[in-house]
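In the order they appear, the protein sequences are chains A and P.
Under the working numbering, the first residue of the first sequence is numbered 2, with each subsequent residue one higher.
Under the working numbering, the first residue of the second sequence is numbered 64, with each subsequent residue one higher.
See structure below.
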Amino acid sequence: MSDPEHVSHKRNAKPSFLENMLKEMLRLWRDASFRPLLMQGIVVLLVVMLGVWVINNTMNNLEHRGISTGFDFLSQEAGFGIIQSLVAYDESHSYGRTFVVGILNTLLVSGLGIFFATLLGFLVGVARLSSNWLLARMASVFIETFRNIPLLLQIFFWYFAVLAALPHPRQSYALGDTIFLNLRGLFLPKPIIEQGLLPVLVSCLVAIGLALLLRARNRQRRVATGKGISGAPWYMAALLIGIPALVWHFSGASLVLDTPALKGFNFRGGIAIIPELGALLLALTIYTAAFIAEVVRAGIESVQKGQKEAAASLGLKPGKVLTLVVIPQAMKVIIPPLTNQYLNLAKNSSLATAIGYPDLVSVFAGTTLNQTGQAVEVIAMTMAVYLTISLSVSLLMNIYNRRVALIER
Amino acid sequence: MLKSLKTVAALGALAAAGLAPVASASATLESVKEKGYVACGVSTGLPGFSNPDDKGQWSGLDVDVCRAVAAATLKDAGKVKFVPLTAKERFTALQSGEIDVLSRNTTWTLTRDASLGLNFTGVSYYDGQGFMVKKDLGVKSAKELDGASICIQSGTTSELNLADYFRANNMEYQPVVFDTSDSTAKGFDAGRCDVLTSDQSQLYALRVRLSKPDSAVVLPEVISKEPLGPVVRQGDDQWFNIVKWSLAAMINGEELGLTSGNINAQKASADPNVRRLLGIDGPKGKGLALDDDWSLRIIEQVGNYEEIFERNVGAESPLQIDRGLNALWNEGGILYAPPFR
């Protein structure tokens, strides 16, 4: 039996502030939507605290050991030379400039590598599925060979193979008196436009715009009537070549070629493509193309056979079946793994340092790090660059992927 | 990237080092005694200075400096663990505590001494930067090198001296920068460059490695001062002193005519200088926290400076380098060590 008086007494008593708080906390704790939020908040806080601790600790240790810190070194004079630079650079520029030179060289080899690897990879991937026995076998051998040899070895192989095959500057292979190939690189004439550059450039843009317009009209017409404008490609070519050529002729622009010439030890003038770039590009292209070929094959095989047969029964030629029916459907399978290959290529380009190509790792995380001794700052900046490049490539590919996916009917 | 991996790992170590109690002033000697070996940073392979043979045994002038430190502190010149490092990795490895001494033909400069948290303990070899060219180019002087392609090792003082020299002489050049001295030599051998530049001692060492050593000549110009010596971390004065005086013991040993062969007989010598170096009289080992035989052991187990010079880089080696600047101060060179007193 309960004591009714006691119960009523308790009900009437005002709960203390502490009691209220405890109750409220208990209620929140039992709240299914609040508890996960709380836990996640705590985890985030812990991670942030760990990060702050690591940074603090590093700074303390560096100071304790008498190692200079800070980013002042970026404005100091670098005082060393770099063989290839896409922006003006010499020894009197700053360490900050070497950072830019390194990034541009990395982007150059990555960009070219991605372009050529995609091209070669698609060709080999399609060839592997060819009904031509010899072509398919050759593609298989290519893939299996280059996919299974470490990239660094391939870089060394191409570098020393390229070097061994080339003659000394004084016995260069020459094409006319304008293009030269030797151990020091490929030397091309450099066009120098002295005047009237602007109208020519504008006319090029106008021509491209008109050509695109024509293409759009042509497509519209074909979709509507089943027949395109006859000779459309010829009109486009005429637009692209004709307009700039006419403007060039009448504006009186003059083009001077700066041709390379042997002077002393080496060729001077013109554009020089150094063998390190060639070897690295060759190795990256072939290695990544082998992987891309497999990605492409997987993508094509994912398209149902019925699609191909249906297209063929409509009377489309094999080439058209591939480009109009199979590849567009295969793309949504191909894009995600293709993105991975692009990222790998960009990151693999840092192996450049082994053969002396002046990429970011070689120039900035190599020479600059060593001359300044500011390892923490330099490595952090280098990592940030690779992260940015990778995330940008991912972003672009994701946008493209979404577009490809939307086309699906 | 492979190379930078090591740097990144070392940085990680640096970041986490706070977990351990702050290093006390005498930490290195204690940790060396506890480990039972001296961790010594050397090159990835440079004949005459630090080079492993086919059995993995290291030899060279830089290697012997480390052996001397081991003989002084651990009583056994064999108790050294060699850590091969590229020029790019060397300072980070020392800063992070991966090695106890860096003895890797490293030039003593203001930047390195003052802003890397490191201390140079002395000079074990006086060097200068030079040029090696293919004989068939017919070049006689470095002043004729305008427009040349030049192979060079990344992260060295040579990279800066080269730029200075060509700028000062109004000449152009193309730097081809490699990671290790080995690939630098390979690039030169393959004909990628007309010229290889480095410290002169290294040029002779690398020339031995060319497919045809006779096809290359070293030009007479020396364009820089390159005092090479062992390096330790800042903040441990005891260890700094031990490394500094281990080197001084070998140089003083040569000056007093003490060799690994005659040192035991010399114990009976009446010469006060000899008696002080051998720890019989004088300051002995107490100030360095070592026993009194430490310097005797160095000369007995490793040899005096003349011995290590001749067997590694001098007349008894394939390099055949003259003593030159590295002769004793009283024999026409500038090699000079503070006295044992």
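Cβ coordinates follow ideal geometry from the N, Cα and C atoms, glycine included.
Residues that DSSP places opposite residue i in a beta bridge
| i | result |
| --- | --- |
| residue 332/P | The partner list for residue 332/P (beta bridge, DSSP) is empty, contrary to what the question assumes. |
| residue 193/A | 257/A |
| residue 272/A | 189/A |
| residue 296/P | 181/P |
| residue 279/P | 197/P |
| residue 190/P | 289/P |
| residue 170/P | 291/P |
| residue 147/P | 105/P |
| residue 78/A | 95/A |
| residue 241/P | 216/P |
| residue 174/A | 182/A |
Buried versus exposed call for residue i [16 or more other C-beta atoms within 10 Å across all chains shown]
| i | result |
| --- | --- |
| residue 33/A | exposed |
| residue 129/A | buried |
| residue 197/P | buried |
| residue 167/P | buried |
| residue 385/P | exposed |
| residue 159/P | buried |
| residue 136/P | buried |
| residue 359/A | buried |
| residue 276/A | buried |
| residue 61/A | exposed |
| residue 393/P | exposed |
| residue 121/P | buried |
| residue 169/P | buried |
| residue 274/P | exposed |
| residue 15/A | exposed |
| residue 320/A | exposed |
| residue 164/P | buried |
| residue 222/P | buried |
Neighbour flag for residue i against chain A, beta carbons, 9 Å
| i | result |
| --- | --- |
| residue 174/P | yes |
| residue 272/P | no |
| residue 238/P | yes |
| residue 64/P | Its pLDDT being 43, under 50, residue 64/P is placed unreliably in this model, and the value from its coordinates should be taken loosely. Yes, contact with chain A. |
| residue 259/P | no |
| residue 300/P | no |
| residue 242/P | yes |
| residue 167/P | no |
| residue 200/P | yes |
| residue 170/P | no |
| residue 289/P | no |
| residue 80/P | Low confidence applies here, because residue 80/P scores a pLDDT of 48, under 50, leaving its location unreliable; read the following figure in that light. It does: the Cβ of residue 80/P has a partner Cβ on chain A nearer than 9 Å. |
| residue 304/P | no |
| residue 179/P | yes |
| residue 151/P | yes |
Backbone secondary structure at residue i - three-state DSSP
| i | result |
| --- | --- |
| residue 106/P | coil |
| residue 234/P | coil |
| residue 123/A | helix |
| residue 3/A | Note on residue 3/A: pLDDT 48, under 50, position unreliable in the model; no value is reported. |
| residue 1/A | Residue 1/A lies beyond the range of chain A shown here (2 to 410); nothing can be said about it. |
| residue 274/P | coil |
| residue 206/P | helix |
| residue 221/P | helix |
| residue 214/P | strand |
| residue 260/P | strand |
| residue 358/A | coil |
| residue 182/A | strand |
CB contact below 9 Å: residue i versus chain P
| i | result |
| --- | --- |
| residue 266/A | yes |
| residue 372/A | yes |
| residue 336/A | no |
| residue 261/A | no |
| residue 354/A | yes |
Contacts that residue i makes with chain D (C-beta to C-beta distance below 9 Å)
| i | result |
| --- | --- |
| residue 84/A | Among the protein chains of the structure shown, namely A and P, there is no chain D. |
**OP:** Determine contact between the region 203-210 of chain P and the region 302-320 of chain P, defined as no fewer than three beta-carbon pairs at a distance below 8 Å.
**Re:** no
Original post:
So, do the region 242-261 of chain P and the region 106-125 of chain A have three or more beta carbon pairs nearer to each other than 8 Å?
Top reply: no
Original post:
On the three-pair Cβ rule with 8 Å, is the region 172-188 of chain P touching the region 147-161 of chain P?
Top reply: yes
Original post:
Just checking, does the region 92-111 of chain P make contact with the region 141-150 of chain P on the three C-beta pairs under 8 Å criterion?
Top reply: yes
**OP:** May I ask you to verify whether the region 117-135 of chain A touches the region 293-304 of chain A, counting CB pairs closer than 8 Å and requiring at least 3?
**Re:** yes
**OP:** Take every Cβ of the region 227-240 of chain P, pair it with every Cβ of the region 357-369 of chain A, and state whether three or more of those distances are shorter than 8 Å.
**Re:** yes
Original post:
Should the region 171-178 of chain A be called in touch with the region 204-211 of chain A, which here means at least 3 C-beta pairs below 8 Å?
Top reply: no
**OP:** Give a yes or no on contact between the region 343-363 of chain P and the region 292-300 of chain P, applying the rule of three or more CB pairs nearer than 8 Å.
**Re:** no
Original post:
Does the region 330-343 of chain A touch the region 394-403 of chain A, meaning 3 or more C-beta pairs lie closer than 8 Å?
Top reply: yes
Original post:
Counting pairs of beta carbons, one from the region 258-267 of chain A and one from the region 209-222 of chain P, are three or more of them closer than 8 Å?
Top reply: yes
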